[in-house]
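Visitor: Chains A and B supply the protein sequences, listed in that same order.
Residue numbers for the first sequence follow this note's numbering, beginning at 1 and rising by one.
Residue numbers for the second sequence follow this note's numbering, beginning at 1 and rising by one.
Where a beta carbon is used, it is the ideal one built from N, C-alpha and C, also for glycine.
Questions regarding the structure given below will be posed in turn.
Protein chains: 2
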Amino acid sequence: MVFDLHEAMENNTRSVEGVLNKFLSKGEGPERRVTEAMRYASLGGGKRIRPFLVNASARLFGVNEISALRASAAIEMVHCYSLIHDDLPAMDDDEMRRGRATCHVQFDEATAILAGDALLTKAFEIIASKETHEDPSVRSDLVLTLAQASGHEGMVGGQMFDLVAEGHDLNIQDITRLQKLKTGELIVAACQMGALLGKASNQDLQVLGGYALDIGLAYQIADDLLDVEGNAEDVGKKTGKDACAGKATFVSLLGVDGAREKARTLSNQANQKLATFGELAEPLRALAHFIVNRQS
Amino acid sequence: MVFDLHEAMENNTRSVEGVLNKFLSKGEGPERRVTEAMRYASLGGGKRIRPFLVNASARLFGVNEISALRASAAIEMVHCYSLIHDDLPAMDDDEMRRGRATCHVQFDEATAILAGDALLTKAFEIIASKETHEDPSVRSDLVLTLAQASGHEGMVGGQMFDLVAEGHDLNIQDITRLQKLKTGELIVAACQMGALLGKASNQDLQVLGGYALDIGLAYQIADDLLDVEGNAEDVGKKTGKDACAGKATFVSLLGVDGAREKARTLSNQANQKLATFGELAEPLRALAHFIVNRQS
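Okay, structure coming up:
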């Protein structure tokens, strides 16, 4: 039987949104405005790739579903916080995201900044809670992994790099490093958090990390291709931005065909690394394939 | 011998800044700009009250100095991140802090937002690390305590409340609740993190939490008094802001004398709670006294 990725992704999305919805209950007092903004930004669609990776990696090691879903929700909160802050006028100044107004447009800048801050904070609260895993060393390893991937030596560093690089010529090595920081490390963290929940060996953590780095880069190249070839309606956000901004991308450096070839190679390379996990890794393999073939 | 708070605070500041300096090494690549902003915002002075509370509470339970200093640095990073974001144009729009340009003025808004994000993230990385405590259950309790105090049901919620409340009449209950969220909970977390490092009993955690809530409120009332009576040069930031903004404060509701009396009562009440700790709690008692008598 062929693995049905479409169905698996829909189930994943439904489960993760259920958990996010539960974690972000509406609250009381005037400060509930920030919870509303957190809900708006995290329950408004998205492919939920990082949660999918947490859950698919966790399943390799027989992790129970509740643990995996809690870690999934935490990493998705970090992803959503990063989108809220990246979209701010002082950063990328985007007004549209996933086909809807961005958080600061829907609410206001102050609320958006606070909603991002609070989503990041809530993520750490969730994974440090006993309900996520009975073993406290697993919980603190989850915190460590998520924090290292998302801080100034990870995702935030990547966003800074991106802003500083505007108007500068970047070569392929620079862009690869930028994307590793900006998006790759959190994708690695997603796979590793799933594995940590199952007390995977260091070797398995390395293997999954390697898979994740490859698909993270492939994902970014596919994003660059969509920015050139996609239309805003399908993609759900403004396209053609990179060329307008004179930004070097994988497409501007490798050309459309070269970039597409590079993405395919990375996807295949990622999947070869999963051999050790056999059939169980089918969801991860299907995702790697999806990532380079998606239309949005 | 009388406890010399001035000297103890200076020693505390020196130690904490040493640790902050070590944690925020300059880094490489174009993204080092965010580390520079993190350093600017966290190494630029301040009374280091929260680190003092972590260290003084930790000493009650014989915690080793390195553990306490690491937790101190983490909570100070959270405090500094909150100041960076609060000062942003979209929030309080302050250009001066601790007698220097605020982070977004010295760098730019995007860098300031990212520096705040990264300080918050780094705080969790530090306390989740083995070097902070050998017992992983202590580490995950530290994360949980810090996250709960600083998220949308704590500090961030308080900042949201404050923004939403602008132009509305608040009564004394509202303001007390606002300040508990905005500043009180992090001060409670400081004392409790020190105690958690020493595996204190729930009863001792409660006692220290009660002390901290009282001095947190006293601190805020003293702040309101300084906003009315202090001058910008001594205080290191703009004064008279609250009256200009038509903001209800403890002073506008209780009058100068009433507010001063309330702060003294809270400080005394805080100190009475410490009886159980005897002589060892002298630093905490001296701090409660200092908080209501400070000139800046």
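Say yes only if the C-beta of serine 72 of chain A is nearer than 7 Å to one or more non-hydrogen atoms of the ligand SAH, and no if none qualify.
Guide: Among the components modelled here there is no ligand, and therefore nothing to report on the ligand SAH.
Visitor: Would you list the residues sitting across from methionine 96 of chain B in a DSSP beta bridge?
Guide: B:Ala101
Visitor: Using the C-alpha atoms, what's the distance from isoleucine 84 of chain A back to valine 228 of chain A?
Guide: For valine 228 of chain A and isoleucine 84 of chain A, the distance between alpha carbons rounds to 23 Å.
Visitor: Which two residues bound the contiguous alpha helix (DSSP H) that contains histidine 85 of chain B?
Guide: 65-87
Visitor: Compute the distance between the beta-carbons of leucine 120 of chain B and tyrosine 81 of chain B, then report whether it is under 8 Å.
Guide: Between leucine 120 of chain B and tyrosine 81 of chain B, the gap from beta carbon to beta carbon is short of 8 Å.
Visitor: Give every residue of the same chain whose Cβ lies closer than 6 Å to the Cβ of alanine 190 of chain B, excluding the five residues on either side of it in the sequence, and list them in chain order.
Guide: The residues are Arg50, Leu53, Val54 and Ile75.
Visitor: Going along the chain, which residues of the segment 176-187 of chain A sit with their C-beta nearer than 9 Å to a C-beta in chain B?
Guide: Arg177, Leu178 and Leu181
Visitor: If the cut is a Cβ gap below 7 Å, which residues of chain B does alanine 73 of chain A touch?
Guide: Those within 7 Å of alanine 73 of chain A in chain B number zero; the least Cβ separation is about 14 Å.
Visitor: So which residues on chain B does glutamate 125 of chain A lean against when the C-beta distance must stay under 8 Å?
Guide: Val143, Leu144, Ala147, Gln148 and Gly151
Visitor: Report all residues from its chain with a CB closer than 6 Å to the CB of glycine 27 of chain B; omit the five preceding and five following residues, and keep chain order.
Guide: Take glycine 27 of chain B, set aside five residues on each side of it, and the residues of its chain with a beta-carbon closer than 6 Å to its own are Thr35, in chain order.
Visitor: What are the complete alpha helix (DSSP H) segments, minimum 4 residues, inside the segment 116-170 of chain A?
Guide: 136-150 and 155-165
Visitor: Is glutamine 297 of chain A buried or exposed, if buried means 16 or more other CB atoms sit within 10 Å of its CB?
Guide: Lying outside 1 to 296, the shown extent of chain A, residue 297 of chain A is not represented and no answer is given.
Visitor: In whole angstroms, what separates the C-alpha of serine 137 of chain B from that of serine 137 of chain A?
Guide: 7 Å
Visitor: So, phenylalanine 23 of chain B versus alanine 73 of chain B, is the Cβ gap smaller than 8 Å?
Guide: Against a cut-off of 8 Å, the Cβ pair of alanine 73 of chain B and phenylalanine 23 of chain B comes out as a contact.
Visitor: Hey, is the segment 65-72 of chain B in contact with the segment 122-134 of chain A, meaning 3+ C-beta pairs nearer than 8 Å?
Guide: no
Visitor: Taking 8 Å as the CB-CB cut-off, is serine 42 of chain B touching chain A?
Guide: For serine 42 of chain B, the answer is no, since every Cβ of chain A falls outside 8 Å of its Cβ.
Visitor: Quick one: is valine 164 of chain B near chain A, going by C-beta distance under 8 Å?
Guide: yes
Visitor: Just how far apart, CA to CA, sit leucine 293 of chain A and alanine 222 of chain A?
Guide: Checking the sequence, you will find asparagine at residue 293 of chain A rather than leucine. About 8 Å.
Visitor: Looking at C-alpha atoms only, which residue of B:Ser140, B:Lys130 and B:Tyr219 is the closest neighbour of threonine 306 of chain A?
Guide: Since the first residue of chain A shown is 1 and the last is 296, residue 306 of chain A is not available in this structure.
Visitor: Report buried or exposed for alanine 58 of chain A, applying the criterion of at least 16 other Cβ atoms within 10 angstroms of its Cβ.
Guide: So alanine 58 of chain A counts as buried.
Visitor: Taking three-plus beta-carbon pairs below 8 Å as touching, is the segment 197-213 of chain B in contact with the segment 160-167 of chain B?
Guide: no
Visitor: Assuming leucine 226 of chain A and arginine 260 of chain A form a contact by the criterion Cβ under 8 Å, report the distance between their Cβ atoms to the nearest whole angstrom.
Guide: With a Cβ gap of about 11 Å, leucine 226 of chain A and arginine 260 of chain A do not count as contacting.
Visitor: Does the beta carbon of lysine 122 of chain B come closer than 8 Å to any beta carbon on chain A?
Guide: Closer than 8 Å to some Cβ of chain A, the Cβ of lysine 122 of chain B qualifies, so yes.
Visitor: Just to confirm before moving on: does the CB-CB distance between alanine 200 of chain A and isoleucine 291 of chain A stay below 8 Å?
Guide: no
Visitor: On the CB-based measure, 16 or more other CB atoms within 10 Å of its CB, does glutamine 220 of chain B come out buried or exposed?
Guide: buried
Visitor: Are there 16 or more other CB atoms within 10 angstroms of the CB of arginine 14 of chain A, so buried, or fewer, so exposed?
Guide: exposed
Visitor: Quick one, which of A:Ala90, A:Ala37 and A:Gln148 has its alpha-carbon nearest alanine 118 of chain B's?
Guide: A:Gln148
Visitor: What's the C-alpha gap between valine 63 of chain B and aspartate 135 of chain A?
Guide: Linking valine 63 of chain B to aspartate 135 of chain A through their CA atoms gives a straight-line distance of about 23 Å.
Visitor: Grab me the residues of glutamine 269 of chain A's own chain with a C-beta within less than 7 Å of its C-beta, minus the 5 sequence neighbours each way, in chain order.
Guide: Asp214
Visitor: Go through its chain and collect everything with a Cβ distance to glycine 255 of chain A's Cβ below 7 Å, but skip five positions before and after it.
Guide: none
Visitor: Could you name the residues of the same chain whose beta carbon sits closer than 8 Å to that of aspartate 93 of chain A, not counting the 5 residues immediately before and after it, in chain order?
Guide: Asp87
Visitor: Are the C-beta of phenylalanine 85 of chain B and some C-beta of chain A separated by less than 8 Å?
Guide: The sequence as given places histidine at residue 85 of chain B; phenylalanine does not occur at that position. Contacts with chain A at 8 Å (Cβ-Cβ) include histidine 85 of chain B.
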